[in-house]
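Just so you know, the sequence shown maps onto residues 786 to 1236 in our numbering. Note that beta-carbon positions come from the ideal geometry of N, C-alpha and C, so glycine has one too. Scroll down for the structure; my scribbles are underneath it.
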Amino acid sequence: MASETLLDTSQFTTILDVQAIRVLSNKCQILMKLLKGKCLDRPRLKSVIPDPEDPKFRLILLKESVTCEGDLPAEALAKIQDEGLTPFITHQVKMDYEYFTAEQILKQVLPAGVEVPGSFETIGHVAHLNLRDELLPYKSVIGKVLLDKNGPRIRTIVNKVGTIANTFRVPTFEVIAGDSSLETEVKQHGAVFKLDFGLVYWNSRLEKEHARLVGKYLSRSGTVVCDMMAGIGPFAVPAALKGCTVFANDLNPDSTKYLAINAKLNKVEHRIKVFTMCGRAFVRHLLGHGGQSENASEPSPANESAPPVEAANESAPPVEAPVMFQHVVMNLPATAIEFLDVFKGAFSPKHWTAQTLPMVHCYLFAKTVETSDDIIQRGKHHLGGDLLEPIVHNVRDVAPNKHMYCLSFKISAEVAFATENDDKSEEIVKEEELVTEGEECAADAKRQRVD
786 MASETLLDTS
796 QFTTILDVQA
806 IRVLSNKCQI
816 LMKLLKGKCL
826 DRPRLKSVIP
836 DPEDPKFRLI
846 LLKESVTCEG
856 DLPAEALAKI
866 QDEGLTPFIT
876 HQVKMDYEYF
886 TAEQILKQVL
896 PAGVEVPGSF
906 ETIGHVAHLN
916 LRDELLPYKS
926 VIGKVLLDKN
936 GPRIRTIVNK
946 VGTIANTFRV
956 PTFEVIAGDS
966 SLETEVKQHG
976 AVFKLDFGLV
986 YWNSRLEKEH
996 ARLVGKYLSR
1006 SGTVVCDMMA
1016 GIGPFAVPAA
1026 LKGCTVFAND
1036 LNPDSTKYLA
1046 INAKLNKVEH
1056 RIKVFTMCGR
1066 AFVRHLLGHG
1076 GQSENASEPS
1086 PANESAPPVE
1096 AANESAPPVE
1106 APVMFQHVVM
1116 NLPATAIEFL
1126 DVFKGAFSPK
1136 HWTAQTLPMV
1146 HCYLFAKTVE
1156 TSDDIIQRGK
1166 HHLGGDLLEP
1176 IVHNVRDVAP
1186 NKHMYCLSFK
1196 ISAEVAFATE
1206 NDDKSEEIVK
1216 EEELVTEGEE
1226 CAADAKRQRV
1236 D
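Shown next, in the form of structure tokens:
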């Protein structure tokens, strides 16, 4: 069993005794065909090697099961005799730590019955693990083995520590092997992204979803996009590369720092305007006078991770409001749906029409038991009105009972141009409906008593 800090690599050295046939280099290929199925067949081991005693010759290594001439095909044996070759030479094949895979080594050094970590997320030169509690005493050994077996491409091994509890939704990581620097670069659908994995959120498993949304909705040149929770730009940069104009925002200053860097790296800084604001304040800022959204309700107090509601501050980059965006991307699945109410009453009919109102793409988490209709109802609840042409797309399974979805829909005129009077009218209607229902129930009860 391995200790936490020490790995004796010499314990993996194994000597394999096999039989070999010594043959001239120019005769090797012919004999190999006759020996089909009898040559050494192990991963990463060659079945033909140079003869260490004479460079004009080669050694054809045979399977461990071939131990005598009777194990050879008749044609091969006849050829060996015709050429006057020595049928068998014992050759030792050395297999050491370098030969074995990470999985093979970890199975040997970890306690029996413990599940060996077989996969990890790769972010540039960083490998990201989520080790189970029973593996934590062996994290150093695991880190060393994975680093040895995946270098030089992988230079740092990190393990996620605890749960995501901070405002910026950035996990805490512990470097368990390799370089301590978490600043790295990744490439995704034609774009380059620079990031510090310890300061910003990034998930390589979402590459397919990034490509899907951009390809389906954000690929037309001239499209204007409002990216409310942009991160380092996994949607903003590819959309800009397609010719879109993107107003990209994130509350995390480290994210917007790298977002600006990535815009320059991909030569689209002229198409991306970067903001560091609360998502609500950002939307109001873009919508200008028509974006006060006075009817918007606050996030649930129970959700302490939801960013606070702020007014657009004077330090926000100026815009020519209202910005007439066609799409809104809300990529914060833990809380984004709670921000939908910012759109109710946020649009001025002086500038917008039902036809020009944007389409929203809101990411969220849902349980396995929740249906598409359940997700749409959640969206309606937070928006404060109906969703036009809603589409629920299953992005990926996050955990056994947790799934990530993208809820896309068009904002309706009723929601966009809602006023305080509309809300009061709805409340009055609901009260009248409750009174009517009460009267009908009372009348039914009276009839039942009479009957």
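- Within the DSSP bridge table, the entry for Y1190 names L1149, N1179 as partners.
- Scanning T794, S1133, T1061 for the CA closest to the CA of T1141 turns up S1133.
- DSSP, reduced to helix, strand and coil, places M1013 outside both helices and strands of the structure shown, so it counts as coil.
- Under the criterion of beta carbons closer than 8 Å, N915 and K945 qualify as touching, at roughly 5 Å.
- In the same chain as E1054, and ignoring 5 residues on each side of it, the C-beta atoms closer than 8 Å to its own belong to A1045, A1048, in chain order.
- Fully contained in the region 979-1060 are the following beta strand (DSSP E) runs of length 3 or more, in chain order: 1009-1012, 1030-1034, 1057-1060.
- By the criterion of a C-beta distance shorter than 7 Å, N1179 is surrounded in its chain by H1188, Y1190, once the five residues flanking it on both sides are discounted.
- In the structure shown, L1173 falls within a strand segment according to DSSP collapsed to helix, strand and coil.
- Ranked by Cα distance from H910, the options L931, T1008, C853, L1003 are led by L931.
- In the structure shown, G963 adopts extended strand secondary structure according to DSSP, grouped into three states.
- 8 Å or more divides the Cβ of H1136 from the Cβ of V1113.
- Within the DSSP secondary-structure output, K945 pairs in a beta bridge with F958.
- In the structure shown, A863 adopts helical secondary structure according to DSSP, grouped into three states.
- Residue pairing of H876 in beta bridges, as defined by DSSP: V803.
- Relative to the Cα of T871, the nearest Cα in the group M1115, V1010, A805, V899 belongs to A805.
- Note on geometry: alpha-carbon atoms of G947 and R997 lie some 31 Å from one another.
- Residues F958, L967 of the same chain have their beta carbon placed closer than 6 Å to that of G983, with the five preceding and five following residues left out of the count.
- For L1117, the secondary structure class from DSSP, reduced to helix, strand or coil, is coil.
- Residue I874 holds the alpha-carbon nearest to the alpha-carbon of E854 among G963, N811, I874, P840.
- In the three-state scheme derived from DSSP, where H, G and I count as helix and E and B as strand, P1102 is classed as coil.
- Beta-bridge pairing by DSSP links E838 to no other residue.
- Counting along the chain, no alpha helix (DSSP H) covers E883, and no H or E run does either.
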